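Asker: Residue numbers (full-length UniProt numbering): 1 to 107. Positions of the beta carbon are idealized from the N, C-alpha and C atoms, including for glycine. Note that the coordinates shown come from a computational prediction; the quantities given were computed from them, not determined experimentally.
Here it is in structure tokens:
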């Protein structure tokens with residue numbers, strides 16, 4: 001688990017998300033700790049994650065739910081994770097008019 005925490009702390013500097021779906025009736029307390037919703041995840045050396053990149057969802061919570069409900073829960077944090085990454089890099093989104101004017105079709 002120490003290597004996993006270290007890898008997640010280093011990955012928190014990259015443009016990526018980690019999604020974990022727990023299958024079965026096991027004790028997923030380690031996965032919930034990696035998720036970091038209950039506090040800031042730290043490497044074994046004490047280095048904190050730069051941003052939250054892990055989403056953990058126990059599949060058993062969706063045993064009688066629709067696949068769409070599972071997908072919604074699994075992907076719930078990804079939009080904020082993307083925004084956090086770009087904000088951390090100082091990259092602001094273009095406003096819609098800038099986007100529209102930059103789209104040109106070749107004649």
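Alpha carbon to alpha carbon, how far is residue 14 from residue 89?
Answerer: So the two alpha carbons sit approximately 10 Å from each other.
Asker: Would you mind sorting residue 60 into buried or exposed? The rule is 16 or more other CB atoms within 10 Å of its CB.
Answerer: exposed
Asker: Which whole-angstrom value describes the C-beta separation of residue 5 and residue 48, a residue pair presumed to lie in contact below a C-beta threshold of 8 Å?
Answerer: Rounded, the Cβ-Cβ distance is 11 Å, inconsistent with contact.
Asker: Determine the direct distance from the alpha carbon of residue 97 to that of residue 19, and round the result to whole angstroms.
Answerer: 34 Å
Asker: Tell me where the beta strand (DSSP E) around residue 78 begins and ends.
Answerer: Per DSSP, residue 78 belongs to no beta strand (DSSP E); it is in the alpha helix (DSSP H), 78 to 88.
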